[in-house]
Amino acid sequence: MTQHCTPRPQQGDDVALLVMRYEGAQPGGQRRVARTSVQRHDLRGVAHVRHFLRELLGQWDLMPMLDDLELLVSEVVTNALIHAHSDVDLRLREYPDRLRVEVRDSDPHPPVPTEILTAGESDNKEAESGRGLLIVDALAADWGSSPAGRGKTTWFELTTSP
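In this note's numbering, the protein residues as written are 17 to 178.
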């Protein structure tokens with residue numbers, strides 16, 4: 017008795033193999049990181065943040081960035097304090113070509129910029145919210161928001177001078 021084998025139809029393979037080799041940290045790979053926080057509803061804490069920035073940028077030799085950085089951080093931190101009703105954590109990360117600022121709060125809703133009203137349009141309390149993000153959009157090289165645990169992180173980046 018002879019058995020016949022029927023070939024099986026070819027099926028796609030969804031397996032991938034990733035091979036990596038770690039060669040250790042590269043020279044100059046360690047970047048500076050700094051952080052501070054502001055307690056819930058402490059709008060005076062924004063002044064503390066500005067003082068923190070002045071000291072930090074002096075230590076990191078980035079003082080030419082101070083004016084833009086103070087303005088942007090003040091806007092984002094104040095926005096988080098007013099809308100999230102939570103403590104706010106601020107983190108700065110230095111990269112070779114940019115400075116990244118991250119502001120974390122417990123409000124899961126992403127920040128939304130508000131359109132600027134033209135003459136003759138009615139203004140209300142809702143329209144006041146979100147205007148600071150237009151400043152962030154204008155001055156930052158890039159910005160965005162991402163979920164972070166039960167809240168979010170609003171971040172922006174400024175390019176550094178060589």
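Even glycine gets a Cβ: it sits at the ideal position worked out from N, Cα and C.
All values reported here derive from a predicted model rather than from experimental measurement.
Determine the DSSP secondary structure at residue i, reduced to helix, strand or coil.
i: leucine 69; result: helix
i: threonine 94; result: helix
i: leucine 115; result: strand
i: leucine 174; result: strand
i: leucine 106; result: strand
i: aspartate 121; result: strand
Report, in whole angstroms, the separation of the C-beta atoms of residue i and residue j, which I expect to be a contact under 8 Å.
i: leucine 115; j: leucine 78; result: 7 Å
i: arginine 66; j: serine 90; result: 7 Å
i: glycine 167; j: alanine 100; result: 7 Å
i: phenylalanine 172; j: valine 117; result: 6 Å
i: valine 119; j: valine 93; result: 6 Å
i: leucine 72; j: glutamate 86; result: That belief does not hold up - the Cβ atoms of leucine 72 and glutamate 86 are roughly 11 Å apart, past 8 Å.
i: valine 54; j: leucine 97; result: 6 Å
Using the Cβ count rule (16 or more neighbours within 10 Å means buried), how would you classify residue i?
i: leucine 106; result: buried
i: threonine 181; result: Here the chain has residues from 17 to 178 only, and residue 181 is not among them.
i: aspartate 84; result: exposed
i: glycine 165; result: exposed
i: alanine 63; result: exposed
i: aspartate 153; result: exposed
i: aspartate 179; result: Residue 179 lies beyond the range of the chain shown here (17 to 178); nothing can be said about it.
i: glycine 160; result: exposed
i: glycine 74; result: exposed
Taking residue i as part of the alpha helix (DSSP H), name the residues at either end of that continuous run.
i: glycine 148; result: 147–155
Span of the beta strand (DSSP E) holding residue i?
i: threonine 52; result: 49–54
i: alanine 164; result: 158–164
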